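Colleague: Input: one structure, supplied below.
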Amino acid sequence: MRTEVSRRGPLGCALISVLLSPHVSATPSLSPQIPFDASFTEPATLSSLQANFDELSWQTFIALNWPALDDGKPNTGVTIGKQDGATVWESWKESYQIFRAKGQTPLPWDAPATLPEACKALKPGRLLQQMGKVPDVLDEFIQPFESGPLVDQNGVYTRNEIVINQSMFDGIVSNGLYSIEGQQKFFASNPNNTVAFSCSSADKKEVGAVMVKASWKVLGPNDSRQDFHTVDALVYTPGNSDPGKGPIVEESCVSEPVGLVGLHMVHKTASAAQWVWSTFEHVKNVPEKTTPVTQRAGPYLFYNADSQSAINQPPPRPWNPAVKATPSQIVREVPLTEATKTLNATYQALLRTANPQSVWANYQLISTQWPSDPPNDCQVSAANPLGSPAPSFLANATLETYIQGTVPQASSSCMACHGNAATHVTESPRTSFADFTYLLERAQSTSGQGAKQ
Amino acid sequence: MSTDLVNFIGLSSALIGISTEHLAPTIDPVGLPPIFLDYVCARVPPEALNALLSQYATLAADHVPPDEIARQVLAVPGQQKVPDAVLVARSIMKLWLLGVWYPPFAGPKFDGSAVVSDQAYIYSWAWKIAQAHPMGYSESFFGYWNSTPPSLEALTGVSANGQQGALS
Amino acid sequence: MSSEQAEVVIVGAGLAGSIIAYQLGMAGIDVLVLESGPEIPANRSQYLERFYTSTLKTPESPYPPVTSLDPRRDPAGQNAPRATIADLILGWDDPKISYLVQKGPLPFTSTYERVGGGTTWHWVGTCLRMVPNDFRLKTFYGVGVDWPIGYDDLQSAYCRAEAEIGVSANVADQAYLGMTFPEGYAFPMHSIPLSLVDGSFVTAVTGTTFDSLPLVVSPTPAGRNSQPYAGRRVCAGNTNCTPICPIQAKYDATVTMNKALATGKVRVLYRTVASKVTVGADSNVNGIEFMQYQLADGPQTGTGVAVAQRYVIAAHAIETPKLLLNSGVANSSGQVGRSLADHPIYLAWGLMPEGKTIFPYRGPVSTAGIESLRDGAFRSDRAAWRIEIGNEGWNWPVGDPYATVADFIDGVNNGGANPSNTLLSGTALVRKLNDVFVRQFRIGFLVEQVEDDPDNADCFIKPSTEFNDRLGIPRPEIHYDLSDYTKKGFQKAKVLASHIIKDLLGAQELTHTIGPGYFDYEKEHYSFQGAGHLMGTYRMGDDPAKSVVDKYQRSWDHKNLFLVGDGVFPSTGTSNPSLTIAALSFQAGDTLANDLRAVTMQVQSNVAWQGTGVQLNAQVPRMVRYVSGKWQASREGGMVDGNGGSRHIAYSSYTLPNAAEGALIGRVGDGGKPFLIGDLAQLPVSEPGELQLCINDDLTGQHGAGLTDNIGALTIRIEFGTV
């Protein structure tokens, strides 16, 4: 049996090269610095690498949620959690600000967000418009089924948003990828052009592309702000009359306090051309399926021991966020590993050293999906396009609620699903490849005809 | 890793011509080899399996090349009935190549055959040998079928004979 | 016994039922769907897992009730059983195995599903239109039966079907054999790239002919995303369209049923088997009785009756006539259940010469075909066919890669690539398998099936008098045979197959008869496969004595009953039927919506903009049709109908300056831009809102009396449908 570190495939030498270069210590710390890559320990095994990437996830979670200054940079004068407030990632550009009607050029990175008409009269707040996994132009990615909205114990739909960092924003804007015509022009202008967002580099101390998807619960009278990272948001529902684009709903905008219940952070690093996929949840979201029913110690945000509702089933259609719905009854199909639970406890304790009431100690890492056989040049290879994801499946109970499980292609796997993401220019594999983001599908046409949504 | 598992991987690799690094990479998120060994153990007489594993171990210790090990393990002397151990070895080959367990002593019909698991199917090697993918499981991107696939060597570690160009 | 009510009851939640439910729901009509099978699942993991772990990966392998070679299930113990390939293999003529009670002489080899979403779960996705001459077989070729409609009658419905399904094709490739498209029409998505297998056919056949007809390889229009569309992913080439697309890049009817549910006007009762259609003294249908169950092989859990103003039966071409015949309704013509047809398939396969690699098992199951022989003078003599080029190597004919892998391991030759019964192992095995796999191909000829005597069909389904399902409902008894006309088509197919494979591709042909259907014709032995296309069993026509429904798919016998799906096809053509089913379903939806919601009203000549109460939306096309009456905008203009008179006035105060004076004008909402209607016009879909109507005249009176001296009114009808 081979004992030295080896990677499958003729190209998979990325980890070896990283291991041989000097690396930073992997001690947990409260730091506003987004890590450039995982810190790899030797000897490399499946579980040690998982641990290395899990720590990357936690350090990234802390850095992205660090209190931000007005310009979006982390406030290094304070420690995370002493007070709840606007985070670094909340200053990043939201998807609707990038993929605009008629393919208009996005405003510069520093420009304030534009609001839909319906929201303008309301007090300032964060705009949240996405309402669960419904098949409309707001979806980050397309599910095998329209997954359905997630409904909290108050009968209210959770809301999602997607933001990207400046590196990824620049990659989209400078290449004109924010409109259909821009994408066509990009691919036509050079036969070698492909979508390839920047990889973080420890050598150059650069953070590459990072995309974030957050799920929020509207706080009701029985919900306490102290239990969540809380934001006063503008909960916006775009009007729609075409069931091909999503539920039939009236336009509305309401100012409401919302609490964070789920956070995806996806980071493209030199050792992960297929990106590193980290996902966190509020600790009170759901019980694990493997926990016996009588031992499920709630209260939970998306599960009620007294409910007779079927488990993990979306509500019946029609889906209308203006109408109070039956609360969803959700359990986690795949339990957290013991190693993850231990790591979570470590970081939660660390967060409490800054403030015993730190809202951030209410969050837990579910897991991290990383490519175990990545190419060594941060360029996806045709021989192993997904880079052998580890673990094979990963789901956030608030964002992939109804597709949890372990059936290939049908159950949630970050890379397997995002590998299906495409651009609007599908002439060839080169032009179709969207570098694992569904955002490019949101580009509209400058002619106003709209995407073929 | 147990000696049996090491020998099982080595034997399987020799039989089907795919290297142990491919069948059992050091970093293996899927982990089929121990699952396959357990599956086989539960379904074949221990004598037959042990005979195969020791035969493999002996030949490997003698540094016999894998292709030759395979030939010796699978040899059927003259016009004789195919030995049990050879039938078991053939079933092990099909297990890796197709993800399906064909009971070694069941005869020509497929009765009793079973797909070991969804993972066994999607990681079965016949499809990579075809420079393709299992039907129902593609990781490739739109339009890939209009171009030539990665080489046999890139997918399996075995280089093909002759040219690999597609028809124009 | 429960009671359900709705404005429309639809039996069957498949392609036809879902489209009609969606259209009616968008028109504000209450719909109840009765579906014999289980619910559309929240995700496809259970179906996919069943597929991945099935040893017999047939089209039905993912779907309930489970089918496999072992253990065998007696259909008498199942509540909503259906035909399966496993049945055909294990005992097509044994009613203890086969749900279809097959009396022969030949086996009927096509199957279908009874689940929410129907058989589109496992269709390949091919979206070919029928060619114009398909509708006129009798008139042009003296065989078969004419349709009461033609290609042009279906033009706009085909476009709507292509938009709903999401069809990927380029018009330039599809305008052959008389098929036309509207000016400037573009399919929803561009064509799907050809495979390398296709490429080898293009090289081999382009420029050649067969029976004086050119051989042309065409990309196949498909209900499969080549671009992000309607919230679904683009195709990733899983090569698994049949039996299940893992990522729903291929359309299936659950898409449309979910849209129907989104309207808030549609309800579905699953595991609800329609058992009897009852008719009242006025010869209208007055209810559909049903039985319900929970477990596929468990006891009945309820009964009920569904009552509506209109009834639609959309249960596909075997279950629909079974229901009608069990009920004794709709059959004054005697044609219910008659002319059961498939596209029997002649399957041929081969191996490219050494060095000519084509890399199958990649891409969709099929991306191209040879369509250029679907029509021609020969149709007076023998059946036409289309040729489907397969991308899945020898998976269909021999079950590869399983057969060939086993061949070289066991030293046998079940697959055909190991004639010397060689035993291989190690790297030699890898190289040999690779060498064989990368050169495999198969083609299928989908042969048109035409009865020698269409009014006395040899092929029919009737309820069995001997065998029931678990609910006690008589199962379908099938009588099936192929006419000489069809067999002669097979004969030609065999000739061309060998010519293409051996002469044009320079390949080795390995075709042989493989069952389960066999027949002999002119001293040659043939086998045929089912295409999964069941058609023809309640055909439409102009003559109530010879057809079951009229050209609107309304029963001749019961005015409130509609029968939809490809059971209405009087002839089958050679195209996969789904796109035509979808187009006809849109038309049936229009007719039903008009029955219930068409608005007939008067538009006054002396009143400005008048509201109609009709809210327009883009999903359900509507038009305005002049019915009767005359009005006058000016004495000089005289009494005119909706087209107005001969004067065209440019004054800006007119309703629509420069349009004919006295013409009927419309707008959408108070701020809408006026548009000309005339006597018949499609209403614009760009803006939702209320339709308003007005005469074209001086609205402000600044050039004369304005509206005050106008006389008369027009009666018009605001209808569903397209012009």
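Chains as they are written, first to last, in this note's numbering: chain P, 33 to 485; chain F, -14 to 153; chain A, 70 to 792.
Each residue gets a CB set at the ideal place from its N, CA and C atoms; glycine is no exception.
As the structure is a prediction and not an experimental result, all values here were calculated from the model.
1. Hey, out of Y549/A, A452/A, A82/A, whose CA is closest to P176/A's CA?
2. Pair every Cβ in the region 617 to 632 of chain A with every Cβ in the region 578 to 585 of chain A, then say whether three or more of these pairs are closer than 8 Å.
3. Taking the alpha-carbon positions, what's the P133/A to W112/F distance?
4. Short check: CB of N765/A to CB of I734/A, under 8 Å?
5. Is I387/A closer than 8 Å to I570/A when the C-beta atoms are compared?
6. For E15/A, which beta-bridge partners are listed by DSSP?
7. Taking DSSP's pairing of strands, which residues face E593/A in a bridge?
8. For G213/A and P523/A, I'd like the C-alpha separation in whole angstroms.
9. Restricting to Cα atoms, I'd like to know which of T11/F, L137/F, L(-4)/F, K66/F is closest to L44/F.
10. Looking at the C-beta of D60/P, does it have a partner C-beta in chain A at a distance below 8 Å?
11. So which residues on chain A does Y488/P lean against when the C-beta distance must stay under 7 Å?
12. In the DSSP assignment, find the alpha helix (DSSP H) that holds P51/F and state where it starts and stops.
13. Starting from Y380/A, trace the beta strand (DSSP E) in both directions and tell me its first and last residue.
14. List the endpoints of the continuous beta strand (DSSP E) containing W216/A.
15. Can you pull the chain P neighbours of D(-11)/F, defined as C-beta to C-beta under 7 Å?
16. Who are C285/P's beta bridge partners in DSSP?
17. Using DSSP with H/G/I as helix, E/B as strand and the rest coil, what is A728/A?
18. Looking at C-beta atoms only, is the number of pairs between the region 427 to 435 of chain P and the region 106 to 119 of chain A that lie closer than 8 Å three or more?
19. Counting pairs of Cβ atoms below 8 Å between the region 318 to 326 of chain A and the region 134 to 146 of chain F, do you hit three or more?
20. At a CB-CB cut-off below 8 Å, which residues of chain F make contact with A497/A?
21. So what does P403/P bridge to, in DSSP terms?
22. Indicate whether at least one CB of chain F lies closer than 8 Å to the CB of E118/A.
23. Which term fits C26/F, buried or exposed, when burial requires 16 or more other beta carbons within 10 angstroms of its beta carbon?
24. A453/A: which of D553/A, L393/A, P532/A sits nearest, CA to CA?
25. Determine the direct distance from the alpha carbon of Y607/A to that of Q74/A, and round the result to whole angstroms.
26. Which bits of chain F does Q441/P rub up against, with CB to CB less than 7 Å?
27. Along the region 0 to 32 of chain F, where does the CB come closer than 7 Å to a CB of chain P? Name the residues.
28. Taking the beta carbon of M609/A as the centre, do at least 16 other beta carbons fall within 10 Å, making it buried, or is it exposed?
29. Among residues of its own chain, excluding the 5 on either side of V683/A, which ones have a beta-carbon nearer than 6 Å to its beta-carbon?
30. Consult DSSP for T122/A and reduce its assignment to one of helix, strand or coil.
31. Shorter than 8 Å from the beta carbon of K425/A to some beta carbon of chain P?
32. Counting only runs that start and end within the region 526 to 579 of chain A, where is the beta strand (DSSP E) found for 3 or more residues in a row?
33. Looking at chain A, is there any beta carbon in it that lies within less than 8 Å of the beta carbon of D274/P?
34. Which residues does DSSP pair with S486/P in a beta bridge?
35. Would P283/A pass as a contact of M248/A if the rule is Cβ separation under 8 Å?
36. Would a check of beta-carbon distances place G484/A closer than 8 Å to chain F?
Modeller: Working from what's here:
1. Y549/A
2. no
3. 28 Å
4. yes
5. no
6. Residue 15/A is absent from the model: chain A starts at 70 and stops at 792.
7. Y590/A
8. 6 Å
9. L(-4)/F
10. Asp is not the amino acid found at residue 60/P; the sequence shown has Pro there. Cβ-Cβ to chain A under 8 Å: no for P60/P.
11. Coverage of chain P is limited to positions 33 through 485, which leaves residue 488/P absent and any answer about it impossible.
12. 51 to 58
13. 379 to 382
14. From DSSP, W216/A is part of no beta strand (DSSP E); its letter is neither H nor E.
15. None at all; the shortest Cβ gap to chain P is about 12 Å.
16. Y268/P
17. coil
18. yes
19. no
20. G2, D52
21. P421/P
22. yes
23. exposed
24. D553/A
25. 26 Å
26. Y122
27. E6, H7, P10, T11, I12, D13, P14, V15
28. buried
29. V668, L760, I787
30. coil
31. no
32. 529 to 537, 543 to 549
33. yes
34. This structure cannot settle anything about residue 486/P, because the visible part of chain P is limited to 33 through 485.
35. no
36. no
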